[in-house]
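As structure tokens, the structure follows; a few thoughts come after it.
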Amino acid sequence: MFGWLISSPSLGLLFLVILFPVFWALFTSVHDYTLIAPNFDTFNGLDNYMKAAGDPEFRHTLRLTAFFVAAVVILEFALGFLIALMLHTVERFKSVYYAILLCPLLMNPVIVGLIWRMFLHPSLGIVNYLLSLVGIEPVNWLGSTKVALWTLVMVDIWHQVSFMIVLLLAGLSALPREPYEAARVDGASIFRSFWHITLPLMWPVIAVTLLIRLIFAVKTYDLIYIMTRGGPGVATDLVSYFIYRTAFVSLNIGEASAMSAILLAVILGLTAWLHRYMRSLT
Amino acid sequence: MIENDHKSQGAAFGMRGIVKRVLPHIILCAFSLMILMPLLWILRVSFTDRLTAYKIPPEIGTVGLMNYVEIFQRYPFASWFLNSLIVALGATAIALPLATALAYAFARFNTGGTFLRLGVLASQMLPPIILVLPLFGMFLMAGLMHSRTGLVIAHLTISLPFLSWMLVSFFEGDVARLEEAARVDGATRWQAFRHIAVPVAAPGILAAGLLGFILSWNEFLFALVLSGPSSQTLPVGLAALETHAGVEIAPLAAATVVSLVPVFALLPFLRKHLIKGLSLGALK
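Chains as they are written, first to last, in my numbering: chain G, 1304 to 1585; chain E, 1062 to 1345.
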């Protein structure tokens, strides 16, 4: 009883600011609600969903998001795990390295986007200048359809790889020592003990880290808005930005809400999966 | 021959030992440089005059604080900063006590069971684009568009679930036994919560509050869609700064440095609880 009593104010507020808006969005998604006629007069059933599912641009955006998320998660994990393992083996300067890698972690994505836009400017940017010193032709980082998405992936790595390092290092530090000593006595190589001890023991931590990062990568919006606005063309048009455009540029809130509902289903599925891993951890 | 073999093996072993000891430092140094260089470069640009800032190859021009003065004189930087501060403080101040109570109920009574917990976790994972559309419609109807109150409400959708989820683990463990002892001595449930659980968890609650503040401070999409000229927050202002006059590198660098100050100033106080915050309570 007491539990419900003290939690009721926050539950009430959560209901008001989250659950109610989500239902509002679902309600909007089955109406012809535009910013030109912002009302619920025309119920149109699943029309918005059908339109979204049939829209080649929306399908392109989903494929692009899946690709971006996979690239970001895999590359950040690979680099992050390498750095975490290195940090785990060194003692000298460990706190210096750690302090440095914490810097980008809580930085505003808007700022990250802005400073990298400056650095990557084709003619005024420092990156192309540095590349020219070693004889590499200037690259059109954000203006070329082939390069832009990979540029965003690289900037995201700079910003978020520390997240992986911090969590994986926490996992590594909590591992028991005995299996490693036993492996050393048996003459196992570093690679064997990594493969047969570290990886299996780390698996729950790895799963939670990857899933959290994955869900957050799906939300990527700020970086796109600042660096490319989905362009050039639709080369970096990730799902959050596409929904934003549908709502506030095409002014079609109803259809944007239908797309949100589809995104919501995906996120809920991923969250349920994450929750299962989290419970196995504690 | 045999001796020679041993020697070369020994040398190889020594070499391998050195490689094993030095290689991690080489990798870590390279990585640290990659992280640090952009930040140092921004710091440098923020102290150069606007023409030097564009010079490729880089030159050393006049050095001074002119960009820092300029962002306050030519742009409403102070107003952006203040709006960000008010909204972040407001949202955190409302969310923190409420989230503390909810987290306590989760930890002690398992209120609502797995279903409710999953709901709170999912709220935290919700992409802001999903919420910003209905909030936009609701604020239009309620007349909350362009107001700081509206922004505080929008930011609650981030800080309330985040804090509720993160604080649960601070009430698990030894605190429960202390509370039971107090209950035996005749304390009410409310007294046990207010006078034992909360003070014991206070350092964690404070650190969580700081993280919640930073989340709000960094928030962009809600502020972009829901704020107006007088309620613009720092990220929205900075994003506009870039498009107003092309790429104004020097003032932008100064503005970047100033808006990073609060985050870097809070970082040392958070470090102990950072892992818990980032892993959503899954790791310590």
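Just so you know, even glycine gets a beta-carbon here, dropped at the ideal spot from N, CA and C.
Where the alpha helix (DSSP H) through R1405(G) begins and ends: Residue 1405(G) sits at position 102 when you count from the first residue of the first sequence. Reading off the sequence shown, one finds Leu at residue 1405(G), where the question assumed Arg. Judged by DSSP secondary structure, L1405(G) falls within the alpha helix (DSSP H) whose first and last residues are K1397 to L1405.
Option nearest M1206(E) by Cα separation, candidates L1150(E), S1291(E) and G1122(E): Taking the first residue of the second sequence as position 1, residue 1206(E) is located at position 145. A check of alpha carbon separations from M1206(E) across L1150(E), S1291(E) and G1122(E) identifies S1291(E) as the nearest.
Alpha-carbon spacing of I1093(E) relative to M1127(E), whole angstroms: Your numbering for residue 1093(E) matches position 32 in the second sequence. Your numbering for residue 1127(E) matches position 66 in the second sequence. Reading the sequence as shown, one finds Ser at residue 1093(E) and not Ile. Per the coordinates, the alpha-carbon of S1093(E) lies some 30 Å from the alpha-carbon of M1127(E).
Three-state secondary structure (DSSP) of F1346(G): Numbered from its first residue, the first sequence carries residue 1346(G) at position 43. Correct three-state label for F1346(G): strand.
I1386(G): contacting residues in chain E (beta-carbon distance under 8 Å): In the first sequence, residue 1386(G) corresponds to position 83, counting from 1. For I1386(G), the neighbours in chain E by C-beta distance under 8 Å run, in chain order, I1088, L1089 and F1092.
Within chain G, the residues that Y1165(E) reaches when beta carbons sit closer than 7 Å: Translated into positions along the second sequence, residue 1165(E) becomes position 104. Here the neighbours are I1309.
Cβ separation of V1148(E) and L1212(E), assumed to be a contact under 8 Å, to the nearest whole Å: As a first step, residue 1148(E) must be located in the second sequence, where it is residue number 87. As a first step, residue 1212(E) must be located in the second sequence, where it is residue number 151. Contact between V1148(E) and L1212(E) holds, with the beta-carbon distance rounding to 5 Å and staying under 8 Å.
Residue span of the alpha helix (DSSP H) that contains M1410(G), given as start and end: Sequence index remark: in the first sequence, residue 1410(G) carries index 107 (1-based). It is not in any alpha helix (DSSP H) - M1410(G) carries neither H nor E in the DSSP assignment.
Proximity test, Cβ basis, 8 Å: P1312(G) and chain E: Along the first sequence, read from residue 1 onward, the residue named residue 1312(G) stands at position 9. Answer yes: the Cβ-Cβ gap between P1312(G) and chain E drops below 8 Å somewhere.
Simplified DSSP state of I1079(E), which is helix, strand or coil: Stepping through the second sequence from its first residue, residue 1079(E) is reached at position 18. Secondary structure of I1079(E) (DSSP, three-state): helix.
Among E1394(G), V1469(G), V1320(G) and V1415(G), the one whose alpha carbon lies nearest that of N1279(E): Translated into positions along the second sequence, residue 1279(E) becomes position 218. Comparing Cα positions, the closest option is V1415(G).
Burial state of K1116(E) (16 or more Cβ within 10 Å): Numbered from its first residue, the second sequence carries residue 1116(E) at position 55. Only exposed fits K1116(E), as fewer than 16 other CB atoms lie within 10 angstroms of its CB.
Sequence-distant residues of the same chain with beta carbon closer than 7 Å to Y1165(E), five excluded per side: Here residue 1165(E) refers to the residue found at position 104 when the second sequence is read from its first residue. Annotation for Y1165(E): F1232, F1254 and A1258 place their beta carbon closer than 7 Å to its own, counting only its chain and skipping 5 residues before and after.
Per-residue burial, R1487(G) [other beta carbons within 10 Å of its own, 16 or more giving buried]: Reading the first sequence from its first residue, position 184 is the one you call residue 1487(G). When all chains shown are included, R1487(G) counts as exposed.
Short CB-CB distance (under 8 Å) between G1198(E) and chain G: By one-based count along the second sequence, residue 1198(E) stands at place 137. Yes, G1198(E) lies at the interface with chain G (some Cβ there is under 8 Å from its Cβ).
Chain G contact residues for T1218(E), given Cβ-Cβ distances below 9 Å: Numbered from its first residue, the second sequence carries residue 1218(E) at position 157. Going along chain G in sequence order, the residues near T1218(E) (Cβ under 9 Å) are L1317, V1320, I1321 and P1324.
Within-8 Å CB hit, F1254(E) to chain G: Counting from one through the second sequence, the residue named residue 1254(E) turns up at place 193. Yes, contact with chain G.
Interfacial residues, the segment 1116-1138 of chain E to chain G, with Cβ spacing under 8 Å: Residues passing the 8 Å Cβ filter: I1117, P1118 and P1119.
Per-residue burial, M1076(E) [other beta carbons within 10 Å of its own, 16 or more giving buried]: For the purposes of this step, residue 1076(E) is taken as the residue at position 15 of the second sequence. In the assembly as shown, M1076(E) is an exposed residue. Its beta-carbon has fewer than 16 other beta-carbons within 10 Å.
Collapsed DSSP secondary structure at V1458(G) in the structure displayed: Reading the first sequence from its first residue, position 155 is the one you call residue 1458(G). In the structure shown, V1458(G) sits in a helix (DSSP, three-state: H, G or I).
Through-space distance from L1331(E) to S1398(G), alpha-carbon basis: Counted from its first residue, the first sequence places residue 1398(G) at position 95. Counted from its first residue, the second sequence places residue 1331(E) at position 270. When rounded, the separation of the alpha-carbon atoms in S1398(G) and L1331(E) is 15 Å.
Presumed contact (8 Å Cβ cut-off) between A1314(E) and V1106(E), rounded CB distance: In the second sequence, residue 1314(E) corresponds to position 253, counting from 1. In the second sequence, residue 1106(E) corresponds to position 45, counting from 1. Indeed, because the Cβ distance is near 4 Å, the residues count as touching under 8 Å.
Below-8 Å beta-carbon distance, H1578(G) vs any chain E residue: Indexing the first sequence from 1 puts residue 1578(G) at position 275. Yes, because at least one Cβ of chain E sits closer than 8 Å to the Cβ of H1578(G).
8 Å Cβ cutoff, T1317(E) in contact with chain G: Position 256 of the second sequence, counting from 1, holds the residue named residue 1317(E). Chain G, which has a Cβ nearer than 8 Å to the Cβ of T1317(E), makes this yes.
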